[in-house]
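Notes follow once the structure below has been shown.
Put into structure tokens, the structure is as follows:
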């Protein structure tokens with residue numbers, strides 16, 4: 001999986017959640033529930049990555065993702081996270097969000113949305129369709145976005161920077177049984 005524009009999230013109370021050191025979650029290869037038996041194991045630790053567009057320090061009306069005051073759920077992890085602090089770079093762009101997490105079943109705050117995340121900055125779900133570049137190798141996969149999925153208005157207004165994607169590290173989430181289903185043209 002791939003996160004195109006990763007934002008580091010540190011869960012400050014991770015040890016209090018009672019997860020083992022090598023904790024992982026099961027997630028479907030395809031979001032379609034009819035294929036729920038086709039899952040993979042995703043590592044989960046005190047540091048994860050979310051899409052930069054899934055965080056705004058001050059969210060506007062209709063923004064349903066993580067903000068300084070609005071919690072959000074983590075898809076497949078069954079956790080709700082609350083922003084505690086934000087570390088910015090010299091240009092004022094967030095580079096890390098420190099959060100507290102609680103199990104979704106025990107959370108008094110019901111999140112407006114559940115966002116995707118990745119342990120290693122990999123996630124294509126929700127982003128669009130990609131084709132494998134001719135220069136791609138097993139060691140360094142290169143993908144080209146061909147179709148962008150519909151974006152919500154709030155996300156486009158608050159994150160109007162276009163992030164080009166020319167090369168990404170690749171973690172072979174899809175095994176030989178599930179080859180990449182991208183529009184590869186030899």
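In the UniProt record's numbering, the protein residues as written are 1 to 186. The beta-carbon is built from N, C-alpha and C at its ideal position, and this holds for glycine as well.
Query                                                                                                                                                : Result
Taking the straight line between their C-alpha atoms, what separation do you get for residue 5 and residue 90?                                       : 18 Å
Of the residues 94, 105 and 112, which one's Cα is nearest the Cα of residue 51?                                                                     : 94
Starting from residue 103 and walking both ways along the beta strand (DSSP E), at which residues does that stretch end?                             : 94-103
Using a Cβ distance threshold of 8 Å, determine whether the region 104-118 contacts the region 72-90, with at least three qualifying pairs required. : yes
If you reduce the DSSP assignment to three classes, tell me which class residue 75 lands in.                                                         : coil
How should residue 65 be labelled, buried or exposed, when 16 other C-beta atoms within 10 angstroms of its C-beta is the threshold for buried?      : buried
Determine the extent of the beta strand (DSSP E) in which residue 110 is found, giving its start and end residues.                                   : Unbroken run through residue 110: none, as it is neither H nor E.
So is residue 118 buried or exposed if we call it buried at 16+ other beta carbons inside 10 Å?                                                      : buried
Just checking: is the beta-carbon of residue 117 within a distance shorter than 9 Å of some beta-carbon in chain C?                                  : Of the protein chains in this structure there is only one, and it is not chain C.
Run through DSSP, which three-state label would residue 9 get?                                                                                       : strand
According to DSSP, is residue 16 part of a helix, a strand, or is it coil?                                                                           : helix
Based on the DSSP output, what are the partners of residue 70 in its beta bridges?                                                                   : Paired residues: none, contrary to the question.
Closest to residue 101 by CA distance: which of 7, 14 and 8 is it?                                                                                   : 14
Roughly how many angstroms lie between the CA atoms of residue 63 and residue 78, to the nearest whole one?                                          : 21 Å
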